[in-house]
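*Asks:* Questions regarding the structure given below will be posed in turn.
Protein chains: 2
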Amino acid sequence: MNLIDGKAIAGRINEETGRKVALMKKHGITPGLAVVLVGEDPPSVAYVRNKDRISQQLGLYSRRIELDQSTTQKELLAVVDRLNADPDVHGILVQSPPPPQIDESEIVKALNPAKDVDGLHPLNVAKLAMGDPTALVPCTPLGCQKLLVESGITIEGKHAVILGRSMLVGKSLALLLMRKGQHGDATVTVAHSRSLNLTKILLSADIIISAIGKAGYLRGEQVREGAVVLDVGTSRVEDPSTRSGYRLAGDVAFDEVAAKAQAITPVPGGVGPMTIAMLMVNTVAACQNQTGFSV
Amino acid sequence: MNLIDGKAIAGRINEETGRKVALMKKHGITPGLAVVLVGEDPPSVAYVRNKDRISQQLGLYSRRIELDQSTTQKELLAVVDRLNADPDVHGILVQSPPPPQIDESEIVKALNPAKDVDGLHPLNVAKLAMGDPTALVPCTPLGCQKLLVESGITIEGKHAVILGRSMLVGKSLALLLMRKGQHGDATVTVAHSRSLNLTKILLSADIIISAIGKAGYLRGEQVREGAVVLDVGTSRVEDPSTRSGYRLAGDVAFDEVAAKAQAITPVPGGVGPMTIAMLMVNTVAACQNQTGFSV
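From first to last, the protein sequence lines stand for chains D and F. So for the first sequence, my numbering puts the first residue at 1; every next one is plus one. So for the second sequence, my numbering puts the first residue at 296; every next one is plus one.
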């Protein structure tokens with residue numbers, strides 16, 4: 001069994017991004033990322049800090065915009081409009097989930113699609129669905145694909161079974177892996193909470209990617225010998241032995257599945273670090289598209 | 296084995312559409328469909344005539360616009376703009392394929408998404424991908440779903456394997472069948488020309504929909520006893536016994552597969568008639584959305 005070290009792979013990708021950014025800066029171009037946080041949801045605060053920290057480490061121009069919990073839809077739209085128009089900002093991310101008074105899908109639609117580094121604007125969704133290589137693709141699916149590629153795992157022609165059908169992960173990953181061409185061309189199955197005979201389907205998978213958020217859901221008996229397993233799930237489970245009283249758990253019953261898998265990601269340290277690394281990659285790509293300068 | 300009679304089912308749907316149209320007309324609203332044909336490609340000429348004939352039969356306002364083979368992109372865009380602005384036209388369809396000087400994807404993007412009864416405008420693609428029930432969905436996938444429903448075949452939870460990954464059929468149908476809720480909630484696999492171990496995957500299918508356009512491709516040994524098989528493929532194969540010298544053939548080796556299937560569509564007379572019936576359904580729905588009048 002090969003443990004796929006997402007942290008190490010993300011580290012290498014970040015280094016490469018840092019080198020690109022340094023080269024772009026020599027030509028007077030600094031990729032800029034704006035992250036907008038509304039309210040004080042503790043995990044969101046942590047995510048936003050992390051994104052800010054890494055973008056600064058890689059030399060990007062990073063703008064963190066923290067808005068009050070009571071921010072209105074109109075106020076947030078005004079912030080988005082300003083960022084859309086700001087030439088120093090090439091990528092915009094509005095941290096999810098926003099407070100309940102915010103209509104998130106309207107905010108996403110208001111983004112300049114060229115700056116939509118989360119890949120959730122309808123025009124980017126449509127591009128991905130239509131197989132257009134200029135789509136900005138959501139970071140987690142992109143990170144899953146990259147993990148497979150960097151681990152030397154062939155995607156083309158293989159049967160990938162994806163658990164979960166969110167746009168943010170499951171469906172986007174399905175469209176990405178079935179896209180024609182290199183690192184695509186997979187046979188893709190999307191399964192979910194309503195799927196019958198799931199074990200039978202999982203046993204035919206060469207690659208399983210689980211993104212349902214149920215701790216320990218995928219069991220060893222559902223995975224065939226030699227499959228590759230990526231675990232996107234992160235649930236908080238109580239753990240009195242930790243300082244915080246909980247720990248992060250993946251969807252995969254790790255020990256059981258690891259005993260059968262050819263390769264597997266841990267949680268934490270698997271897909272997670274890749275998501276932020278791909279956000280940086282998307283921001284640099286968005287900057288290159290907007291400035292017409294590529295390295 | 297149950298032969299799914301697409302012609303009869305389409306006939307019933309058309310009758311229902313006709314009743315709706317009659318009722319709308321009593322309230323002064325006539326759903327209007329414009330079909331634009333560029334050039335004289337014989338199958339396209341036949342399709343357009345057919346669409347025109349059926350929309351007239353059902354009482355829709357039908358406008359057939361036939362443009363010269365040498366029509367430029369600019370001229371076609373001007374036609375689309377006029378139709379977008381025309382309040383008598385609720386649905387617009389530009390017959391595919393256009394001549395080579397036309398950039399089809401630009402034409403589709405120029406359509407008013409609310410009038411895009413073919414469901415190929417990026418905003419409709421995105422809506423379908425995001426599971427938005429207000430999406431206008433391409434007619435052939437919609438027809439496949441309807442055939443299953445009308446034949447009393449449960450979709451929810453079942454494993455549907457789709458052969459082919461075009462936006463027009465395969466991918467749209469995948470997104471449609473995996474959508475949350477009634478007549479969705481399937482486990483969906485998309486397979487294609489690059490898929491390995493296809494037979495094994497097909498044998499796990501409860502429902503197979505083939506849309507690859509290779510005559511007789513799907514063999515009996517690839518279908519499990521009791522599966523449901525929809526055949527979207529239409530290829531012309533030479534047949535000296537016919538007047539035209541050819542006949543239409545589906546993707547399915549019919550006799551072999553029919554011997555195992557619980558239910559199966561023939562070619563012709565299966566999915567084909569449903570496509571036009573769903574075009575009429577989409578046009579009426581588009582009219583209802585645009586006028587705010589629904590029956």
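By construction, the Cβ of each residue, glycine as well, lies at the ideal position given by its N, Cα and C atoms.
(1) Classify residue 246 (chain D) as helix, strand or coil using the three-state DSSP reduction.
(2) So if DSSP puts residue 279 (chain D) in a beta bridge, which residue, or which two residues, is it bridged to?
(3) Mark residue 588 (chain F) as exposed unless 16 or more other C-beta atoms lie within 10 angstroms of its C-beta, in which case mark it buried.
(4) Examine the Cβ distances between the segment 76-86 of chain D and the segment 46-57 of chain D and report whether three or more of them are shorter than 8 Å.
(5) Taking a contact to mean a Cβ-Cβ separation below 8 Å, would you say residue 404 (chain F) touches residue 571 (chain F) in this structure?
(6) Pairing CB atoms from the segment 579-586 of chain F with CB atoms from the segment 315-335 of chain F, are three or more of them under 8 Å?
(7) For residue 491 (chain F) and chain D, any beta-carbon pair shorter than 8 Å?
(8) Are the CB atoms of residue 513 (chain F) and residue 566 (chain F) within a distance shorter than 8 Å?
(9) Taking the continuous alpha helix (DSSP H) assigned at residue 132 (chain D), which residues delimit it?
(10) What separation, rounded to the nearest whole angstrom, lies between the Cα atoms of residue 311 (chain F) and residue 590 (chain F)?
(11) If I measure Cβ to Cβ from residue 148 (chain D) and keep anything under 6 Å in the same chain, skipping five residues before and after, which residues do I get?
(12) If you reduce the DSSP assignment to three classes, tell me which class residue 32 (chain D) lands in.
(13) Just to confirm the assignment: which complete beta strand (DSSP E) runs, minimum length 3, are found wholly within the segment 90-130 of chain D?
(14) Say whether the segment 200-216 of chain D touches the segment 127-138 of chain D, bearing in mind that this needs 3 or more beta-carbon pairs closer than 8 Å, one atom from each stretch.
(15) Is there contact here, the segment 513-529 of chain F with the segment 204-222 of chain D, by at least three beta-carbon pairs under 8 Å?
(16) Name the one or two DSSP bridge partners that residue 485 (chain F) has.
(17) Please confirm if the segment 471-481 of chain F is in contact with the segment 453-460 of chain F, defined as three or more CB-CB distances below 8 Å between the two stretches.
(18) For residue 134 (chain D) and chain F, any beta-carbon pair shorter than 8 Å?
(19) For residue 255 (chain F), which of helix, strand or coil comes out of DSSP?
(20) Run the CB neighbour count on residue 145 (chain D), radius 10 Å, all protein chains shown included, and call it buried at 16 or more, exposed below.
(21) Within 10 angstroms of its Cβ, does residue 98 (chain D) collect 16 or more other Cβ (buried), or is it exposed?
(22) List, in order along the chain, the chain D residues whose C-beta lies closer than 7 Å to that of residue 466 (chain F)?
(23) Buried or exposed for residue 8 (chain D), going by 16 or more other Cβ atoms inside 10 Å?
(24) Do residue 85 (chain D) and residue 65 (chain D) have their CB atoms nearer than 8 Å?
(25) I'd like the span of the alpha helix (DSSP H) that includes residue 40 (chain D), first residue to last.
(26) Would you please state the rounded distance, in angstroms, between the beta carbons of residue 436 (chain F) and residue 415 (chain F)? I believe it to be under 8 Å.
(27) Near residue 250 (chain D), which residues of its chain fall below 6 Å by C-beta distance, leaving aside the five closest residues on each side in sequence?
(28) Can you tell which of F:350, F:502, F:554 and F:477 has its C-alpha closest to the C-alpha of residue 458 (chain F)?
(29) Spatial neighbours of residue 468 (chain F) within its chain, please: C-beta separation below 7 Å, excluding the five flanking residues on both sides.
(30) Helix, strand or coil for residue 534 (chain F)? Go by DSSP, reduced to three states.
(31) Please identify the residue among D:243, D:36 and D:80 whose C-alpha is closest to the C-alpha of residue 68 (chain D).
*Replies:* Concretely, from the data shown:
(1) The answer is strand: DSSP assigns residue 246 (chain D) an E or B state.
(2) Beta-bridge partners of residue 279 (chain D) (DSSP): none assigned.
(3) exposed
(4) no
(5) Going by C-beta atoms, residue 404 (chain F) is not nearer than 8 Å to residue 571 (chain F).
(6) yes
(7) yes
(8) In terms of Cβ geometry, residue 566 (chain F) and residue 513 (chain F) do not form a close pair [threshold 8 Å].
(9) For residue 132 (chain D), there is no enclosing alpha helix (DSSP H), since its DSSP letter is neither H nor E.
(10) Looking at the two C-alpha atoms, the distance is approximately 11 Å.
(11) 155
(12) strand
(13) 91-94
(14) These segments do not touch.
(15) no
(16) Residue pairing by DSSP places residue 485 (chain F) opposite D:188 and F:457 in a beta bridge.
(17) yes
(18) no
(19) The structure shown does not extend to residue 255 (chain F), since chain F is modelled only from 296 to 590, so the question has no answer here.
(20) buried
(21) The residue is buried, with at least 16 neighbouring Cβ atoms inside 10 Å.
(22) Within chain D, the residues near residue 466 (chain F) are 129.
(23) exposed
(24) no
(25) Judged by DSSP secondary structure, residue 40 (chain D) falls outside any alpha helix (DSSP H); it is assigned neither H nor E.
(26) Going by Cβ atoms, the distance from residue 436 (chain F) to residue 415 (chain F) rounds to 11 Å, so no, they are not a contact pair.
(27) 231, 233 and 267
(28) The candidate whose alpha carbon is nearest that of residue 458 (chain F) is F:502.
(29) Only 436, 439, 457 and 504 meet the Cβ criterion.
(30) coil
(31) D:36
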